[in-house]
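Those protein sequences? They're chains A and B, same order as listed. For the first sequence, the tail end lands on 123 under my numbering, and the numbers increase by one without skipping. For the second sequence, the tail end lands on 414 under my numbering, and the numbers increase by one without skipping. C-beta atoms are modelled at their ideal positions from N, C-alpha and C, and glycine is treated no differently. A quick write-up on the structure given underneath.
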Amino acid sequence: MLADVQALLVRVLTAEDPRGALARELASATSLTAEERAWLVGVDPDGLALSSLLVDKLRFQQLLRGVPGLAEEFERDPAAVVATVARYVREVPCTTFFPEREGQRFKGWYDARHRETPRGSQP
Amino acid sequence: MTALGVGLVLHPNARYIELIRHLAPQVDFLEVVPETFWRERESGELDWSPWADELERLRDQWDLPLVAHGLGFSPGTAGGAEHDRRWLAQLGRDCARFGYPWYTEHLGWSSFAGRELFLPLPLPPTEEAVRKVADRLGMIRPFVPVVGFENQVGYFNALEGEREPVLWNRICAAGDLVMLLDLHNAWTQCVNFDMDLDRYVDAIDLARVVEVHLSGGADSEPGWLVTGRTMRLDSHDGPVPEPVWDAFARLRPRLPALRGVVVERLDDGFGPDDARLLGEELERARRIFER
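As structure tokens, then:
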């Protein structure tokens, strides 16, 4: 079923190692049709890795658009912003197309973490 | 449906709009991604962002019709009834306000089960996928008389040769849909998977093509992939490559339903030099379009 293919690819594309994740998924998937399995077996591994990178890049751009001041902060201290966003992306799946809404969710996450961490430290 | 001519993309970005303002007399229409002029409320319902008023003002000031090219509906997604309800409600309002003569979406899927990935991803060549796209794009037809999709770049798509254009033809036929032929996407797919562009585009049902996109892109960095391989990206951030111009010139006489050609550029990083180049490319596109 198409839904099974898409659920599988969401897990693969958001995994640390998309190529390895696809191999593991194919080894355990039981609901794919023969046509779907053949298509997934023929996937270009470099293209899969590139797609995974682009998914991350597009979400990062979405955050730069949606979080006021984040783009300027990224200019000043790119490593710190990348580390913070990487943590956010690991913890909070993206469920909105709209940058402003994603920015609000990021702010909620950031503020919550900031409250939990000792004074002066970064989330 | 009458032909419009040559268009450019209007992004909700004040700097970009200032840079392209002088190009308005050069074009016959503007293309917009409708949802970039929307916002999502906390309830999940969608409405217009303040940019929609600016869009309406520019449309009236420049006296140019708007054409819609959606990005976020994700026509190939399986499931998602609640997403569809909210999306279609706002799209209906949007179409009534702006009166698009046609509407195209990016082929493929970019969201699933509430998860947004933003990147249009390839579909397996199954009958279920064909029906899914045809049926979901059919949901837009009550708001716009002419609906279709744009051929995509599928970076991991494994369909060899002409199997991909044949899949598009099946989808068009299943839903009585039109096609937006993005020639840079087609060229990119051919470069990345070592296919012949002429054979690839010749396999398309060209009578369905109502719009052409011309754009540029770049190669990925060698360090991005562990294999060191680079792939052509559909990044819309560079000049239109010569093979894409050549393909448009060759195909133009064989596109009887063509209504418009858009030279696409993204707003990120767009500067004065890009605006100058875009002006030249719009003129070149017109010379070919009007042959």
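Asked	Found
Sequence ranges, beta strand (DSSP E) only - wholly within the segment 245-286 of chain B, length at least 3	270-273
Identified DSSP bridge partners for B:D305	B:H336
Burial state of A:G20 (16 or more Cβ within 10 Å)	exposed
For B:D342, three-class secondary structure by DSSP	strand
Residues of the segment 245-268 of chain B with Cβ closer than 8 angstroms to any Cβ of chain A, in chain order	L246, P247, P248, T249, E251, A252, K255
Cβ neighbour criterion (16 or more within 10 Å) applied to A:T14	buried
Neighbour flag for A:P68 against chain B, beta carbons, 8 angstroms	no
Neighbour flag for A:S121 against chain B, beta carbons, 8 angstroms	Unreliable placement is indicated for A:S121, whose pLDDT of 48 sits below 50; the coordinate value is still reported in the next sentence. Chain B contact via Cβ: absent.
Identity of the residues DSSP links to B:R162 by a beta bridge	B:D170
Spatial neighbours of B:L105 in its chain, beta-carbon cut-off 8 angstroms, leaving aside the 5 residues before and after	The structure shown does not extend to residue 105 of chain B, since chain B spans only 124 to 414, so no value can be given for it.
Contact belief for B:A366 with B:L400 at Cβ below 8 angstroms, rounded distance in angstroms	Note on identity: in this sequence residue 366 of chain B is Pro, with Ala being the wrong assignment. Actually they are not in contact, since the Cβ atoms of B:P366 and B:L400 sit about 17 angstroms apart, beyond 8 angstroms.
According to DSSP, residues forming a beta bridge with B:E179	Its beta-bridge partners do not exist; DSSP assigns none.
B:A193 (DSSP reduced to helix, strand or coil)	According to the sequence shown, residue 193 of chain B is Gly rather than Ala. Three-state result, B:G193: strand.
Whole-number beta carbon distance between B:W171 and B:P135, since they are thought to touch under 8 angstroms	The pair is not a contact, with the Cβ atoms about 11 angstroms apart (cut-off 8 angstroms).
Cutoff 8 angstroms: B:F279 Cβ touching any chain A Cβ	yes
Span of the beta strand (DSSP E), counted from its first residue to its last, around A:S31	Where A:S31 is concerned, there is no enclosing beta strand (DSSP E), given that its DSSP letter is neither H nor E.
Cβ pair count under 8 angstroms reaching 3, the segment 272-283 of chain B against the segment 75-93 of chain A	no
Anticipated Cβ contact below 8 angstroms, B:P288 with B:A257, distance rounded	Not confirmed; about 16 angstroms, so no contact.
Best match in B:Y139, B:Q149, B:G346 for proximity to B:E404 [C-alpha to C-alpha]	B:Q149
Candidates B:L300, B:G339, B:V301, B:A296: closest to B:T311 by CA position	B:G339
Proximity to B:F279 [Cα-Cα], best of A:A83, A:V43, A:F98, A:A80	A:V43
Neighbour list for B:E163 in chain A, Cβ cutoff strictly below 8 angstroms	T96, F97, F98, E100, R101
Residue range of the beta strand (DSSP E) that includes B:Y226	226-229
Range of the contiguous alpha helix (DSSP H) that encloses A:V125	Residue 125 of chain A cannot be examined here, being either before or after the span of chain A that is shown, 1 to 123.
Neighbour flag for B:E417 against chain A, beta carbons, 8 angstroms	Absent from the model: residue 417 of chain B. The displayed extent of chain B is 124 to 414, so no value can be given.
Proximity test, Cβ basis, 8 angstroms: A:A3 and chain B	yes
Which of helix, strand or coil DSSP assigns to B:V363	coil
Stretch-stretch touch, CB-based, cutoff 8 angstroms, three pairs: the segment 252-270 of chain B with the segment 369-378 of chain B	no
N- and C-terminal bounds of the alpha helix (DSSP H) containing A:F74	70-76
Cutoff 8 angstroms: B:R352 Cβ touching any chain A Cβ	yes
Sequence-distant residues of the same chain with beta carbon closer than 6 angstroms to A:R119, five excluded per side	Note that A:R119 has pLDDT 49, beneath the 50 cutoff, so the model's placement of it is unreliable and the number below is only indicative. So no residue of the chain qualifies.
Three-state class that DSSP yields for B:R238 in the structure shown	strand
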